[in-house]
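Only one structure is covered here, and it is reproduced in the block below.
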Amino acid sequence: MSEDNILTAHGWVRGRLIHEHGKVVSIEGVPCDPADNDLPYLLPGFIDLHVHGGGGKDIMEGASAFETITKTHVRFGTTSLLATTMTAPSAEISSVLKDVGTFCEQRPKGAARVLGVHLEGPYINPGKLGAQPNFAHTALMAEVEEYLALAPIRVITIAPEIAGHDGLIRELSSRGIRMQIGHTLGSYEEGVAALDAGATSFTHLYNAMSPLHHREPGIVGAALAHAKFAELIPDLLHVHPGAIRVALRSIPCLYCVTDSTAAAGMPDGEYKLGSHTVTKCLGGVRLPDGTLAGSTLTMDQALRNLVKIGLPIAEASQRLSQFPADYLGITERGRLAPGAWADCVRLDRSLTLTAVMVEGEDIDFKNA
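For the sequence shown, position 77 matches number 77 in full-length UniProt numbering, and the numbering has no gaps at all.
Okay, here's the thing in structure tokens:
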């Protein structure tokens, strides 16, 4: 086995990763600076907490779409992900959650692991739908309980300014569900109150939320001033590089997501996003009125984009692997260390992906 520059929890090591039964057994080697050699990089596998689709398939299509989506994203280095729903009638959401719950129990050969669900809506502000279909409504605990019985919901996006949502944030966060502020017209004060109630992150920071103004800081201001975690889409289309830098300086554990749609990994054309038809062109995905509708971003490109705007490879990796795992409270993914899952990606010196491993399985992504 050839040597790599391995990014461990304690820094770079020049050596070899040994794994058995899907888990890392040891990392053999010596500390190094990758600038002193020309070996490839071996990084923790990417963890994407916001995936709507890929490979021409949408999460809201249900069970028939999941294998295609997970096999598409693993080709780009995503070793685990959250299946992310769209705002829809409750019967449609229930159907999809039931399918996800079953799918989470196993992982098809050659696919990324689904860790659970990110419920993005329907508990959002109808005045800030973004690309979400117009089925938003106030959250009711009885409905949430029904959803929780169907699938492991790890994250819920919620608009905190809607009456009754503060109590829901408090209750669900106390049960370990990550409550994210997003698709919201809330004020700075309402954002801070939501954090105090137990909310822990912000959904696609800057997008679909009240912006920062020096006299009305808005939800963006609440995030920049108070958040430890927030997700951001680094496709350099959703957020200007300068605004990314602001967030990086303000939010210690800012992590990156793709918010990818069925168009990810596919040619230009029309695709489904929930009940919407969206168009992929010029590197983006939009509704007919021009509204950005998710992205075509993949996690390997996210890494390259972060490095392009000035992040060291180690930090870029951390924001695509360790911080998402930390946010979910997962200690066996997002890092390369003895006892962790053998989820890793190898990239050449130009940061082109050359190999992917999920739970010790070498993925034949080039022939997928």
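Using N, Cα and C, we set each Cβ at its ideal position, and we do this for glycine too.
Use the C-beta contact count for residue i: other C-beta atoms within 10 angstroms, 16 or more gives buried, fewer gives exposed.
i	result
R154	buried
T84	buried
G329	exposed
Q180	buried
N134	exposed
M141	exposed
R215	exposed
R178	buried
T68	buried
P267	exposed
S350	exposed
H40	Here the sequence assigns Pro to residue 40, which means His is not the residue at that position. The residue is buried, with at least 16 neighbouring Cβ atoms inside 10 Å.
N125	buried
D99	buried
H276	buried
S2	exposed
A136	buried
T157	buried
G269	exposed
L282	exposed
Starting from residue i, follow the alpha helix (DSSP H) in both directions and report where the run begins and ends.
i	result
D99	S90 to F103
H165	H165 to S174
F299	Per the sequence shown, the amino acid found at residue 299 is Met instead of Phe. Start and end: M299 to K308.
L328	Q322 to L328
I313	I313 to Q318
Spatial neighbours of residue i within its chain, please: C-beta separation below 6 Å, excluding the five flanking residues on both sides.
i	result
G334	P44, I47, S321, Q322 and A325
R107	R113
K272	D58 and A262
L42	D4, I6, C344 and R346
E332	A340 and W341
P217	Y188
G360	H19, G22 and A342
L224	S250
A222	Y188, G191 and V192
L185	N125, G127, K128 and S210
L97	Y147, L150 and A151
residue 372	Lying before the first or after the last residue shown, residue 372 is absent from the chain, which here runs from 1 to 368.
Report the option in the options whose CA atom is closest to the CA atom of residue i.
i	options	result
R319	T87, L232, M357 and F365	L232
C256	R286, G283 and L311	L311
A63	G101, P31, F76 and P217	G101
L347	Y327, E332, T331 and M299	M299
E120	S26, E20, T70 and G274	G274
S201	G218, C253, E161 and E146	C253
H226	L172, K57, I251 and L7	I251
G191	D166, P126, D58 and L248	D166
I219	G242, P241, D235 and L195	L195
D235	Y147, H213 and I244	I244
residue 369	V30, R14, E61 and M60	Outside the shown range of the chain (1 to 368) lies residue 369, about which nothing can therefore be said.
P34	I27, W12, V285 and G360	W12
L148	S94, S187, A9 and G265	S94
T70	R175, T354, E28 and G265	G265
E171	P152, G54, E145 and A151	E145
I309	G29, L353, S295 and G242	G242
L297	R175, G77, Y327 and Y206	G77
E92	E61, Y327 and G55	E61
For residue i, which residues of its own chain have a beta-carbon under 7 Å away from its beta-carbon, when the five flanking residues on both sides are left out?
i	result
V358	G45, V74, T79, A112, R113 and D343
I363	V74, G110, V356 and M357
A208	K128, G130, G182 and H183
F103	A63, F66 and V114
R286	V278, T279, L292 and A293
S26	I18 and P338
P31	G11, W12 and V13
Residues in its own chain within less than 8 Å of residue i by CB, not counting five upstream and five downstream?
i	result
L82	D48, L49, H50, V51, V114, L115, G116, V117, H118, R154 and V155
Y143	Looking at the sequence provided, one finds Glu at residue 143 rather than Tyr. Closer than 8 Å at Cβ, skipping near neighbours: S90.
V24	L17, I18, L336, A337, P338, G339, A340, W341 and A342
S173	M179, A197, G198, A199 and T200
T291	G130 and A131
A193	P160 and D166
H204	H50, G182, E231, L232, I233, H238, V257 and D259
T138	Y123, I162, A163, G164 and H165
T354	P40, R346, L347 and D348
Starting from residue i and walking both ways along the beta strand (DSSP E), at which residues does that stretch end?
i	result
V269	For the sequence presented, residue 269 should be read as Gly rather than Val. From DSSP, the beta strand (DSSP E) with G269 extends over G269 to L273.
A355	L353 to V358
E20	G11 to E20
I6	D4 to T8
H276	H276 to C281
A181	Inspection of the sequence shows that residue 181 is occupied by Ile rather than by Ala. Start and end: R178 to I181.
G284	G284 to R286
L347	C344 to L347
Is residue i close to the ligand GTP? I mean its beta-carbon at under 8 Å from any heavy atom of the ligand.
i	result
D362	In terms of ligand content, the structure shown is empty, and the ligand GTP therefore cannot be addressed.
Does any residue of chain C bring its CB to less than 9 Å from the CB of residue i?
i	result
I47	Among the chains in the structure shown there is no chain C, since it carries only a single protein chain.
Item checked: Every unbroken alpha helix (DSSP H) within the region 95-158, with a cutoff of 4 residues, ordered by chain -> 141-148
Checklist line | Every unbroken beta strand (DSSP E) within the region 31-91, with a cutoff of 3 residues, ordered by chain | finding: 41-44, 46-51 and 78-84
Note to self: What ranges does the alpha helix (DSSP H) occupy inside the region 189-261, keeping only unbroken runs of at least 4 residues that lie completely in it?
What the structure shows: 218-226 and 241-250
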